[in-house]
Amino acid sequence: MHDLAPLTPLGAASPRTDRIGALVIREVTERALASVTCRRGQDAGFAHAATRLFGITPPAPGRWAESGDWSLIWTGPDQWFAEAPFESHEEIARIVKDGFGPSASITEQTDGWVRFDIEGPTVIELMERLCPLPTRRMETGAATRSIIEHMGCLVICRSAGVRFSLIAPRSFAGSLHHALVAAAHSIA
Amino acid sequence: MLIPHPLLGPRDSQEFTYLGDARLIDRPDGLAEGALDLFHDYLYLRDNPAGLHQELWFHEQGDRSWLVVTRDTRTHEIVGAELASDVARARGRSK
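Chains A and B supply the protein sequences, listed in that same order. All residue numbers for the first sequence refer to my numbering, where the first residue is 546 and numbers rise by one. All residue numbers for the second sequence refer to my numbering, where the first residue is 122 and numbers rise by one.
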C-alpha cells in the first residue's frame with residue numbers, strides 16, 4: 546500500500562501564511578473546486594438545476610456569488626467555477642454532476658490550482674503593482690481572469706479594497722507567491 | 122490600448138492576442154465545387170485597408186472569448202467589439 550502524505554501547492558505539509566507590513570498573504574487549501582459548463586441548448590435545464598443545487602442563479606459575466614457552502618465564479622461565457630469546503634465536498638465533481646445531470650459538463654479542478662487570499666489596508670497598492678485590472682474600482686462581488694506577471698490568474702474581490710482571492714494554475718504557486726511577497730515588501 | 126470587451130467592459134490589450142482579418146470566420150466548404158480555389162483565396166488573399174478593419178482578437182488571458190474588433194488602421198482607434206460567436210451566428214453559422 547502506498548502511504549502518500551498530502552502537500553500544499555507550495556510543497557509543504559500545511560498551508561503558508563506571510564505577514565508583510567499591513568498585508569496578510571495566505572495560501573488557501575480548504576476549498577474544493579470544479580468547473581461547470583452549460584451544454585449547448587440546455588440553458589433552461591441548466592438554470593433550473595443551478596438554482597436547485599446552489600440556491601442561487603449563476604452570476605453574470607465578471608461576477609461571483611455565494612450561497613451557503615457554495616461560491617460560484619464566472620470564468621467565461623456559459624462557464625463557472627464552483628467552490629465548496631473540501632472537508633464536506635471532497636467529491637465535488639460527483640456532487641455537482643449529480644445536481645446537473647445532462648445539462649452541464651463538470652470537471653474536477655481541486656488540485657489543479659493554487660489560491661492565495663490577500664488582505665489588508667494596502668491590498669490595492671499591492672494589486673496595482675501586479676495586475677492591469679482596475680482593482681481600486683472593483684466592487685465586492687467582482688471576479689475576472691487577468692494576468693499577474695505573465696501568469697493567468699482569476700482575481701476575485703471578496704471585500705472591496707480590503708480582501709482579494711487569486712487563483713492560478715498550481716504549477717505557478719511558487720512564482721505567484723514570489724511575485725506577491727516581493728511586491729508586498731516593496732510597499733511594506 | 123484598451124479593448125471594449127462586450128461582456129467585461131474596457132480591458133487592457135496585453136490580455137489579448139491578435140489573429141488577423143475577421144473574414145477568417147467565413148471558412149469555405151471543403152466539399153464544394155471549386156474548393157481548391159476557394160481555399161487558396163481564403164488562405165492567401167487579404168485586403169489591406171487604410172481605415173476601418175474588422176479583425177479577430179482572442180481574450181487569452183481573460184475569459185477566452187473570441188472577439189471581432191473594428192479598428193482604424195490609420196489611428197489605431199478601436200471603434201467597436203463584438204463576440205465572434207454572435208457575428209458568426211448573424212452570418213448563418215450554427216455555432
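Using N, Cα and C, we set each Cβ at its ideal position, and we do this for glycine too. These figures come from a predicted structure and were not determined experimentally.
- With respect to chain A, the C-beta atom of E136 of chain B has a partner C-beta closer than 8 angstroms.
- Following the DSSP letters along the chain, one finds H174 of chain B inside the beta strand (DSSP E) bounded by residues L173 to F179.
- Contact annotation, W178 of chain B with F137 of chain B: C-beta distance approximately 5 angstroms; criterion of less than 8 angstroms satisfied.
- Taking 8 angstroms as the upper bound for CB-CB distance, E575 of chain A and P647 of chain A are not in contact here, some 31 angstroms apart.
- Taking 7 angstroms as the cut-off between beta carbons, the residues of the segment 658–690 of chain A near chain B are P677, T689 and R690, in sequence order.
- Closest by C-alpha distance to G719 of chain A, out of A:G556, A:M546, A:C702 and A:P551, is A:G556.
- Judged by DSSP in its simplified three-state form, I124 of chain B adopts strand.
- R674 of chain A and F645 of chain A have their alpha carbons spaced roughly 40 angstroms apart.
- Within chain A, no residue has its beta carbon less than 7 angstroms from that of Q175 of chain B; the closest one is some 20 angstroms off.
- Assigned with DSSP and collapsed to three states, L204 of chain B falls in strand.
- Between L145 of chain B and F661 of chain A, the alpha-carbon positions lie close to 40 angstroms from each other.
- Neighbourhood of I692 of chain A in chain B, by CB distance below 9 angstroms: D133, Q135, E136, Q182 and G183, in chain order.
- Per the Cβ contact rule, the segment 655–669 of chain A is in contact with the segment 565–574 of chain A (3 or more Cβ pairs under 8 angstroms).
- If you look at V573 of chain A, you'll find it in the beta strand (DSSP E) that goes L568 to V573.
- Bridge partners of C583 of chain A according to DSSP: A:A649.
- When the Cα atoms are used, L159 of chain B and R167 of chain B turn out to be separated by approximately 13 angstroms.
- The C-beta of L129 of chain B comes closer than 8 angstroms to at least one C-beta of chain A.
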